[in-house]
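Accompanying notes for the structure given below.
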Amino acid sequence: MFHNHRSGPSQNPVALHPSGPGYNMAHQPPYNPTQVKGPMPPGPGLYNSGPYQPVPLVGSYQAPPGQPMLHRPSMGPPQPMTPPQSASPGPGLRMPPAQATPPPPVSANSYYQHPPSWQYGAPPPIGAPPSMAVPQHGPVANHVTSSPSPAPPQLSVGYNAAPPAIHNTMQPLGPPATLQGYTQPGSAPPMNSMVAPQSYQPGMRVPIAPPPTMRPTPPPTGTPNATPPPPLVPKTDGHIQTPGNGAPFPNSLDHLETGHTMTGPAPPPGPPARHMGQSYPALPPGYQNTSAPPNASPMHHPMQTPSQPYSHAPQQYQQTSAGPAQLSPSLAGLSLQSQTPEALRVVNLLQERNLLPPGPISPPTPCLPQDLQKINCHPEVFRSTLTSIPQTQSLLNKAKLPLGLLLHPFKDLTQLPVVTSSTIVRCRSCRTYINPFVSFLDQRRWKCNLCYRVNDVPEEFMYNPVSRSYGEPHKRPEVQNATIEFIAPSEYMLRPPQPAVYLFVLDVSHNAVETGYLDVVCQSLLENINSLPGDSRTKIGFITFDSTIHFYNLQEGLSQPQMLIVSDIEDIFLPTPDSLLVNLDECTEMVQDLLKSLPHMFGKTMETQSALGPALQAAFKLLSPTGGRVSVFQTQLPNLGVGSLKSREDPNQRASAKDIQHLSPATDFYKKLALDCSGQQVAVDLFLLSSQYCDLASLGCISRYSAGSVYYYPSYHQQHNPAQVECFQKDLKRYLTRKIGFEAVMRIRCTKGLSIHTFHGNFFVRSTDLLSLPNVNPDAGFAVQMSIEENLVDMQVVSFQAALLYTSSKGERRIRVHTLCLPVVNSLSDIFAGADVQAITGLLASMAVDRSVTASLSDARDAMTNASIDSLTSYRTSVLTIQQPGLLAPACLRLFPLYILALLKQKAFRTGTSTKLDDRVFAMCQLKYQPLAYVMLMIHPALYRVDDLTDEGALNISERTIPQPRVQQLSVEKLSREGAFLMDAGSVIYLWIGRNCNPNFLTQVLGVPSYPAVPQNMTMLPELDTAESQRTRAFIGWLREQRPFFPILHVVRDESPLKASFMQNMIEDRTESALSYYEFLLHIQQQVSK
Amino acid sequence: MAFTFAAFCYMLALLLTAALIFFAIWHIIAFDGLKTDYKNPIDQCNTLNPLVLPEYLIHVFFCVMFLCAAEWLTLGLNMPLLAYHVWRYMSRPVMSGPGLYDPTTIMNADILAYCQKEGWCKLAFYLLSFFYYLYGMIYVLVGS
């Protein structure tokens, strides 16, 4: 994807891939024309492909009746036969419910229950409420069952389910789709077949619906449509998405499977939007405004969802309203054929201006059968750039979209099943953990979904602690949850689990004392010393340094802390190795004494030199026997001893449009030290508080390769920059109290045929799929580029599993496993339909950072531009059947050029604007190791108008009303002098006040009488007792709650120095050195139509 | 039949090329080990890096010998590899020690594949040149 050619899409594929280590996937053959499986003509044939052979399967399926749940029944609705021993209510087999609401945990230990909803941490922040993401459950199943209405129980199921669905979502449209589904009845068998495959079919774990790939279109026959969640599902999705559904609500009882109670959490914004069905797509892309609403809805509800949901909705609907079904067949067929799914709706970017959805953008939902989708890993934890995996590398090359995964593996979750068992069931050949996407061949054997080896189910696994029943391996929590945590037995330890060990390394040179940061650090530590994660073994230590290294003996028994100075920085040694790291519980008082006296100890220092390198060596020596976390606070360029650096920045070149130099480290000292640290399970977190150039490019290596994190507070000063101080305080609090995992490794496995190409983030890559993470923290994100080494023919789905093995702060060895399952497709249009534009942007940003460092910034910028040009070219030439003028993009990629432009104007990659080298490098670090949700805000901030907030459409969260203003385009034309606008840029929030701002807003929210009275450096809103003030503060508070760090609020007015940074985020506008959005589109169009 | 300086050069090159073939094989095995997960990249780089310069120097050494012996054709055949070695070493990552391989980037699929390919190409080149030197030596011995 990422190639160099600057001139735009050349027709010659080969040319596109420069040789050499670059982004290109090395071995892959460039696009092979022959391979191209063009967009498959939607033909009936498609449907055949599946493993599901209907009839036979059915038969087979039935066979097992006697046996309780052999197959991971998940799919199917309740086969009659499966009367699980468990009295469980419904026939529904693998009930979703299990996930979340695992029935009463059997043993407290083994299974921790958490609050029901499967919500991941943050509430509704980004994507629609998590729950929404998941489409309904296997409608298919229901449907099937119902139609044939074989067993009574089934019926019931079907019906139960249906109703709920209807409530939620279904609206008008339902019918048509439904109809199709309805038609099926006749074809009932197929449905079963789907199920059947799982259990019986050799090759596949097929749960998946028929070839997902297929577009629903062709076969008018209802069946296919319904089941195959053709990615494409036409727009129906919108309504389908039942808001609540994804989240397996606790309540959903087994029998409800389909119905999953949609507890619609507040399906916020989107609700109304349902578009009506299919017709939409047919419209020529010109209808500007109209489009907006529709889009909106999809966004909330995963755009892509269509496919699946599509199928669902209809069915469910239909079930209830059996009557109408009749019409459907023909009708459905028609509509389908003429339609394209919402994700593929053609959008002419040059004509449609208002493409932003009004609220957060939720990721597309893979086109999996509902029951699989329902249990799939949450997109905030694990998502893929392409939710439909291309069958071959050549197809992927042809699509010109990057394939990769974005992970946030250690995210704070509100609900996480934890399992304790003496044997953790894993595949014997590839060591995959058992997960919801394996197939059970019978009660005693399961087939790995990554390597396809058949494994035995251990005896212990037959007992299900959740339902306290025997013989239901598929109901174990491991098989019901795509995200699960195991408490690992001793085989997973190379040594006894280490205690939590924290070492603080503080710069106390003159410069450091001048900034006054020591007060803040010591104060924060004092306040949080009891909330540091850990147990009775927790150890703590301190080192300070200027031109010498100072150790502190905190041994119990001393009357006060004893400072030991080592001035031989050439050959650093530990003066008293035993007493420098002390047990926190035993020596709390001593530590508190030290923290109280530390800020004053160096008040008069005149030492200006900084021996950071030796101090880090000392820290490494101190921690290497145990491992742990080193927090380094540095305020200037290290200039003494090993690792000293020279200033490389030429301030006059900051704005140059020429290539930016010095993005790579000046020395490998920090990298080598980081690798040593990594080997000893030591991670180094760097806090850089400096007003001058500090060479973050070199210093950052210490954290980057030891899996630490980097915090940067430019021009930090206690008096002069109170906003930074507040931000630093909040960050420190979070930093000190957040969860932490020690001596961790993360392995990412994927189905045979796929392989990992490159990793992005902070870690050391220890082997092709293993990351060494001396520490892991809940705010770290990772990205992985994948390549397809062998064709994935015959596979319906592929799976990815990330397993993070770590030692908790309580000294427990734990394994957190996330499994993601995605469909495989073989046509370009399906790949495009499954594209996740945010994930693609995030991955491209990481790739571009690498490219800037290894090649040059301009190279990286060209590569990003080309990425958008190439993918749109590919779409135009290979997917679009009708050529129209304009710049055409599928609806799912309609924001792609905007995001690329935003990246080009991002601090990390911009040229022509004065950008400090450290700022730029820090932005690059953040792009690589922040989780996607925050990266997206950094790239494309959200702009809201806040002077007219109303409660309309507001969210209600725990008694608070949070207004939901619409997201505006980032263009000055959207600003008005009469308004006040809030820009949320991730780590910073700006509140821009127009000159003629409504006086009401000034007085009621800002508490000032008039515009000129707005203070210059306002960083907080007064707590006024007015409705306006409460709304505004609730909204800002809600935005802040959604992220672990604390964004500072800056009130900006025309004269503010920060106005420039605010305006730089107006990425749709033209600047002296960069194109406006429209010009950029024209440029792309020119290249695309070349 | 006389034992000329050129003949001596060929004999020496023959022996040294045999050594280089071992280097190349070692290189290939090492990267294969990396690719298949057996080895820790840090250890692997530590074993590979010290071998890079000796390999390059051996090659430079007999190139100089051929220069002295005025074996222009042979020298010409070796020039591309010589130039490649110089370029490769010039463009190495920032490192304080000798060597080419950085454990933090070596696991990148592109770089790994490149290094493997490099190993195979060099092996082929050294094998061919081995037989060429053998032929050259006999030719010189017989011819003079």
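Those sequence lines, one after another, are chains F and Y. Reading the first sequence from the start, the letters are residues 1 to 1090 in the UniProt record's numbering. Reading the second sequence from the start, the letters are residues 1 to 144 in the UniProt record's numbering. Cβ atoms here follow ideal geometry from the backbone N, Cα and C, with glycine treated the same way. Since the structure is predicted, the reported quantities are computational estimates derived from the model, not experimental observations.
Out of F:605, F:845, F:489, point me to the one whose CA is closest to residue 860 of chain F's CA. Translated into the one-based positions of the first sequence, residue 860 of chain F becomes position 860. Closest by alpha carbon: F:845.
When the cut-off is 8 angstroms and only beta carbons count, does residue 767 of chain F lie next to chain Y? Translated into the one-based positions of the first sequence, residue 767 of chain F becomes position 767. Judged by the 8 angstroms Cβ criterion, residue 767 of chain F is in contact with chain Y.
Between which two residues does the alpha helix (DSSP H) harbouring residue 1041 of chain F extend? In the first sequence, the residue the question calls residue 1041 of chain F occupies position 1041. First-last of the alpha helix (DSSP H) with residue 1041 of chain F: 1027–1041.
Quick check: what's the CA-CA separation for residue 16 of chain Y versus residue 644 of chain F? The residue given as residue 16 of chain Y occupies position 16 in the second sequence. The residue given as residue 644 of chain F occupies position 644 in the first sequence. C-alpha separation (whole angstroms): 42 angstroms.
Same chain only: Cβ atoms within 6 angstroms of residue 79 of chain F, ignoring 5 sequence neighbours per side: Position 79 of the first sequence, counting from 1, holds the residue named residue 79 of chain F. With a pLDDT of 39 at residue 79 of chain F, under the threshold of 50, the modelled position of this residue cannot be trusted; read the value that follows with caution. Nothing listed; no residue qualifies.
Just to confirm my understanding: we take residue 676 of chain F, look at its own chain, exclude 5 residues before and 5 after, and list those with CB closer than 7 angstroms. What are they? Against the first sequence, residue 676 of chain F aligns to sequence position 676. Closer than 7 angstroms at the Cβ level, and outside the excluded window around residue 676 of chain F, lie 620.
Is the CB of residue 122 of chain Y under 8 angstroms away from at least one CB in chain F? Translated into positions along the second sequence, residue 122 of chain Y becomes position 122. False, the Cβ-Cβ gap to chain F never drops below 8 angstroms.
C-alpha gap between residue 153 of chain Y and residue 382 of chain F, whole angstroms: The question about residue 153 of chain Y has no answer, for chain Y in this structure spans 1 to 144.
Give the secondary structure of residue 980 of chain F by DSSP, where H, G and I count as helix, E and B as strand, and everything else as coil. Residue 980 of chain F sits at position 980 when you count from the first residue of the first sequence. Here residue 980 of chain F sits in strand by DSSP.
Should residue 79 of chain Y be flagged as near chain F, meaning a C-beta pair shorter than 8 angstroms? Translated into positions along the second sequence, residue 79 of chain Y becomes position 79. No, its Cβ sits nowhere closer than 8 angstroms to a Cβ of chain F.
Measure the alpha-carbon distance for residue 607 of chain F versus residue 651 of chain F and round it to whole angstroms. Taking the first residue of the first sequence as position 1, residue 607 of chain F is located at position 607. Taking the first residue of the first sequence as position 1, residue 651 of chain F is located at position 651. Whole-angstrom Cα-Cα distance: 26 angstroms.
Could you list which residues in chain Y have their beta carbon closer than 7 angstroms to that of residue 671 of chain F, in chain order? For this step, residue 671 of chain F is matched to residue 671 along the first sequence. 104, listed in chain order.
If I follow the unbroken alpha helix (DSSP H) through residue 842 of chain F, where does it start and stop? By 1-based counting over the first sequence, the position of residue 842 of chain F is 842. Residue 842 of chain F -> alpha helix (DSSP H) spans 837–854.
Option nearest residue 847 of chain F by Cα separation, candidates F:1086, F:928, F:649: The residue you call residue 847 of chain F lines up with position 847 of the first sequence. Residue F:928 is the option with its Cα nearest to residue 847 of chain F.
Reducing DSSP to helix, strand and coil, say where residue 907 of chain F ends up. Here residue 907 of chain F refers to the residue found at position 907 of the first sequence. DSSP places residue 907 of chain F in coil when its eight states are reduced to three.
Per DSSP, residue 873 of chain F forms a beta bridge with which residues? Counting from 1 along the first sequence, the entry for residue 873 of chain F is found at position 873. Paired residue(s): none; residue 873 of chain F is not in a bridge.
Within-8 angstroms CB hit, residue 668 of chain F to chain Y: Residue numbering aside, residue 668 of chain F sits at position 668 when the first sequence is read from its first letter. Closer than 8 angstroms to some Cβ of chain Y, the Cβ of residue 668 of chain F qualifies, so yes.
With 16 other Cβ atoms within 10 Å as the buried cut-off, status of residue 422 of chain F: For the purposes of this step, residue 422 of chain F is taken as the residue at position 422 of the first sequence. Classification for residue 422 of chain F: exposed.
Whole-Å CB distance - residue 45 of chain Y paired with residue 111 of chain Y, under 8 angstroms assumed: On the second sequence, residue 45 of chain Y is found 45 positions in, with the first residue counted as 1. On the second sequence, residue 111 of chain Y is found 111 positions in, with the first residue counted as 1. Actually they do not touch by this definition, with Cβ atoms about 12 angstroms apart.
CB contact below 8 angstroms: residue 42 of chain Y versus chain F: Within the second sequence, residue 42 of chain Y is the residue found at index 42, counting from 1. With 8 angstroms as the cut-off, residue 42 of chain Y counts as an interface residue toward chain F.
Using three-state DSSP, classify residue 17 of chain Y as helix, strand or coil. If you number the second sequence from 1, residue 17 of chain Y lands on position 17. DSSP, reduced to helix, strand and coil, places residue 17 of chain Y within a helical segment of the structure shown.
Between the CA atoms of residue 687 of chain F and residue 521 of chain F - distance to the nearest angstrom: By one-based count along the first sequence, residue 521 of chain F stands at place 521. By one-based count along the first sequence, residue 687 of chain F stands at place 687. Taking the straight line joining both Cα atoms gives about 11 angstroms.
Roughly how many angstroms separate the alpha carbons of residue 579 of chain F and residue 671 of chain F, rounded to a whole number? To locate residue 579 of chain F, count along the first sequence from 1; it is residue 579. To locate residue 671 of chain F, count along the first sequence from 1; it is residue 671. Distance between the alpha carbons of residue 579 of chain F and residue 671 of chain F is about 29 angstroms.
Own chain, CB closer than 6 angstroms to residue 602 of chain F, minus 5 neighbours either side, in chain order: In the first sequence, residue 602 of chain F corresponds to position 602, counting from 1. For residue 602 of chain F, where only same-chain residues beyond five positions count, the Cβ hits under 6 angstroms are 508, 513.
Close-in-space but distant-in-sequence residues of the same chain around residue 585 of chain F (CB under 8 angstroms, 5 per side omitted): The residue you call residue 585 of chain F lines up with position 585 of the first sequence. Taken in chain order, the residues that qualify are 536, 538.
Please tell me whether residue 643 of chain F has its Cβ less than 8 angstroms away from any Cβ of chain Y. Translated into the one-based positions of the first sequence, residue 643 of chain F becomes position 643. It does not: the Cβ of residue 643 of chain F has no partner Cβ on chain Y nearer than 8 angstroms.
What residue range does the beta strand (DSSP E) around residue 748 of chain F cover? Along the first sequence, read from residue 1 onward, the residue named residue 748 of chain F stands at position 748. Segment 741–750, the beta strand (DSSP E) holding residue 748 of chain F.
For residue 822 of chain F, count neighbouring C-beta atoms within 10 Å of its own C-beta (all shown protein chains included) and say buried if the count is 16 or more, exposed if not. Against the first sequence, residue 822 of chain F aligns to sequence position 822. Classification for residue 822 of chain F: buried.
Would residue 37 of chain Y pass as an interface residue toward chain F - the criterion being a Cβ-Cβ separation below 8 angstroms? On the second sequence, residue 37 of chain Y is found 37 positions in, with the first residue counted as 1. It does; some Cβ of chain F falls within 8 angstroms.
Enclosing alpha helix (DSSP H) for residue 126 of chain Y [first to last residue]: For the purposes of this step, residue 126 of chain Y is identified with residue 126 of the second sequence, where counting begins at 1. Unbroken alpha helix (DSSP H) run through residue 126 of chain Y: 109–143.
Entirely enclosed beta strand (DSSP E) segments - the region 381–430 of chain F, minimum 3 residues: Counting only runs of 3+ residues, the beta strand (DSSP E) found wholly inside the region 381–430 of chain F occupies 382–384, 404–407, 418–420, in chain order.
Contact defined as beta carbons within less than 8 angstroms: I believe residue 478 of chain F pairs with residue 435 of chain F. What is the distance between those atoms, to the nearest angstrom? Here residue 478 of chain F is taken as the residue at index 478 of the first sequence, counted from 1. Here residue 435 of chain F is taken as the residue at index 435 of the first sequence, counted from 1. The Cβ separation is near 7 angstroms, so the contact holds.
CB-CB under 8 angstroms to residue 97 of chain Y, same chain, minus the five flanking residues each way: which ones, in chain order? Within the second sequence, residue 97 of chain Y is the residue found at index 97, counting from 1. Only 49 meet the Cβ criterion.
Segment contact, 8 angstroms Cβ cut-off, at least three pairs: the region 403–415 of chain F with the region 774–782 of chain F: yes
Does the count of Cβ pairs from the region 759–770 of chain F and the region 386–402 of chain F closer than 8 angstroms reach three? no
Using the DSSP secondary-structure output, state which residues sit across from residue 485 of chain F in a beta bridge. As a working mapping, residue 485 of chain F is identified with position 485 in the first sequence. Looking at the DSSP assignment, residue 485 of chain F forms a beta bridge with F:418, F:816.
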